[in-house]
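Scroll down for the structure; my scribbles are underneath it.
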Amino acid sequence: MNITKLEITGYKNLNIRLEHEARVISLIGNNGSGKSNLLEALSQIFKNLYFGQKTQFDYYIEYTISDNRKVQVTNNNSSLTYLIDGVSASSISNYLPKKVIAIYSGEANRLWEDSYKNSYDQTIANINNNTQVDMPKMLLINKYYWHLSLLTLLLSDGDDNKAFVKEVLSIDSVNTIDIVVNKSKYKRYKDNSVLELAKALEHKTSYTLDELKDILSARWTSSEIYTYLYLLFTPKSTKIIEDITVKF
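Counting with my numbering, you get residues 2 to 249 for the letters of the sequence shown.
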């Protein structure tokens, strides 16, 4: 998805209009200038579009998706209108982005509760109903998730990932990987592949990288490993995997 136009009024201190053709937008400003409010507002917009809920502030958003279809959404007094390539549409469910991922460095409790918890809870419900295991549509990542990414990179046999670990992260070897599994939280899941990964790690608190490759990489892809780790590590009150420490 590439957002090309955005107008928001009535959300906290925001009264903005953006229009551009670049694939990346950088927002620079002082504390309190509205950067986090913009992230919150965008998160609210897509959460409500995904789940069919009303947005309490007015907005106009225009974006393109992978096949270059142009999507326009106007929210005026909680009434939505849609255009697909300039043609009126009754729904845009097939034209929403596959994922909305927020990477946020600040305290994210409000952002989580207001916009991202819904999607996580629905994912857990789907898993427990034995439907396909996938990442939530709305994914929030902050500083506490970097070790999950690092472990997934270390487990990968991809040449580009190996080069990134060695040349960019400057990690030549890994000593141990400590993993804390809270078995008392297993009841959150029915038997499924997510819980299976947790149970595969419950026997020890410290592993070598080769041991983890034998346990995890032989059974799951890198994408599956990261997905399952994310689900097991979230949210704070019901974590099955409470911590991962990579020592190198």
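Every residue, glycine too, gets a C-beta built ideally from N, C-alpha and C.
First and last residue of the uninterrupted beta strand (DSSP E) at residue i
i    : result
I104 : V101 to I104
Q73  : K71 to N77
Heavy atom of the ligand ZN within 7 Å of residue i beta-carbon
i    : result
V182 : This structure simply doesn't include the ligand ZN, nor any ligand for that matter.
Contacting residues, own chain, Cβ-Cβ under 6 Å from residue i (five flanking each side not counted)
i    : result
Y51  : K138
V181 : E243 and D244
L198 : Y229
K13  : N38
K248 : N176 and T177
Outcome for residue i when other beta-carbon atoms lying within 10 angstroms are tallied against a minimum of 16
i    : result
N176 : exposed
I104 : exposed
G87  : exposed
L232 : buried
Y121 : buried
L170 : exposed
G35  : buried
N48  : The sequence given here has Lys at residue 48, not Asn. Its Cβ being crowded by 16 or more others within 10 Å, K48 is buried.
T235 : buried
V25  : exposed
E41  : buried
I128 : buried
N119 : buried
L28  : exposed
Residues that residue i bridges to, as DSSP identifies them
i    : result
K6   : E20 and E63
M136 : For M136, which the question treats as bridged, DSSP gives no partner whatsoever.
Y12  : L15
D244 : V181
L84  : Q73 and S89
I142 : I104
Any C-beta of chain B under 8 Å from that of residue i
i   : result
R24 : In summary, chain B is missing from the structure at hand, where a single protein chain is found.
Contact set for residue i: own chain, Cβ-Cβ below 7 Å, skip 5 residues either direction
i    : result
I46  : T56, Y60 and I62
Y96  : I66, R70, V72 and I85
V156 : In the sequence under discussion, the amino acid at residue 156 is Leu, which differs from the Val named in the question. The residues are L213, K214, L217, S218, S223 and I226.
E22  : T5
Segment limits, alpha helix (DSSP H) that includes residue i
i    : result
E168 : Counting along the chain, E168 falls outside any alpha helix (DSSP H), and DSSP gives it neither H nor E.
Q54  : From DSSP, Q54 is part of no alpha helix (DSSP H); its letter is neither H nor E.
F234 : S223 to F234
S250 : With the chain covering only 2 through 249, there is no way to say anything about residue 250.
S174 : Premise fails: S174 is in no alpha helix (DSSP H) and is neither H nor E.
T153 : W147 to L156
Same chain, Cβ closer than 8 Å to residue i, neighbours up to 5 away in sequence not counted
i    : result
E203 : V182 and K184
- Entirely enclosed alpha helix (DSSP H) segments - the stretch 176-211, minimum 4 residues: 194-201
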